[in-house]
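Per my numbering, the sequence shown starts with residue 2, numbered consecutively.
Note sheet for the following structure.
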Amino acid sequence: MSSPTAERGVAPRARIEGRLWQTLGMLAALLVAGALLVWAVGDEALGRHLSGLWWVDEHRRFLRWCTDAGLYPLYGLFLVLLLLGWRLRQPLWLAVGRAYLFAVLGGAFVLVRVLKIGIGRLRPDATPDELPTTWWARFTDSDFHSFPSGHAADVFTGAICLAVLLPRPWMRAYALGYALLIGLTRVLLAKHWPSDVLGGAALAGLCCAVALHLSLRRLPPGTPPR
2 MSSPTAERGV APRARIEGRL WQTLGMLAAL LVAGALLVWA VGDEALGRHL
52 SGLWWVDEHR RFLRWCTDAG LYPLYGLFLV LLLLGWRLRQ PLWLAVGRAY
102 LFAVLGGAFV LVRVLKIGIG RLRPDATPDE LPTTWWARFT DSDFHSFPSG
152 HAADVFTGAI CLAVLLPRPW MRAYALGYAL LIGLTRVLLA KHWPSDVLGG
202 AALAGLCCAV ALHLSLRRLP PGTPPR
């Protein structure tokens, strides 16, 4: 992994792009490890095991709070980043903030919902006998919207965009770890299967790669990292 010391001889914009690709490499390793675990144990078996752990019921209220509240700090962070970037004329902050908006709206919102409707996968906590049988149910009933996880796509999008601004590799790893924990709450609460979370994270990585690469290309070559 690169370090701030190793980065010093690299042009500033290339240094920032290096952080992006390093973060995406970490994400790829995480996705491969998760996919191997799902393959070895089984998607449904792993999901049922995690959601059935003895301590989940005792801490369900806390997990519900975490699964939603965990998204809000990232929303607020990038709103502040955009405002400060505009006010202080910081091109990097503006570029990353714009990339986040594009990735979270175009990927974590639009693409996630298109895939949810198109695939129509049942959530783990859905009761098949009580579900509507009409063809349009997959459009309107959230029980059919398991894959991919919107929470995972949201939080991994924020984590990847944040990682571009972090100077040390361990900080970027922590950002991804935070996203992973929020994604894990979705499995513990039986709202998603493990593969749903992996799918959301992969989609976030793809959207961030495109959005950040295009946005960073517009930066002046001498833009200093922050």
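Where a beta carbon is used, it is the ideal one built from N, C-alpha and C, also for glycine.
Since the model is a prediction, treat every value here as computed from it, not as a measurement.
Check	Outcome
Cβ neighbours of Tyr101 in the same chain (closer than 6 angstroms, five flanking residues each side left out)	Phe79, Cys162
Cut-off 6 angstroms between Cβ atoms - residues of its own chain near Leu21, not counting five sequence neighbours on either side	Val165, Leu213
First through last residue of the alpha helix (DSSP H) which encompasses Arg49	44-52
Inter-residue CB distance, Ala96 and Leu217 (contact presumed, cutoff 8 angstroms)	6 angstroms
Exposed unless 16 or more other CB atoms sit within 10 angstroms - verdict on His60	exposed
Uninterrupted alpha helix (DSSP H) stretches inside the segment 47-130 (no shorter than 4 residues)	55-59, 61-70, 73-89, 92-106, 113-120
C-alpha gap between Gly77 and Ala203, whole angstroms	23 angstroms
Helix, strand or coil at Phe145 according to DSSP, with G and I counted as helix	helix
Touching by the beta-carbon criterion (3+ pairs, under 8 angstroms), the segment 148-157 and the segment 182-201	yes
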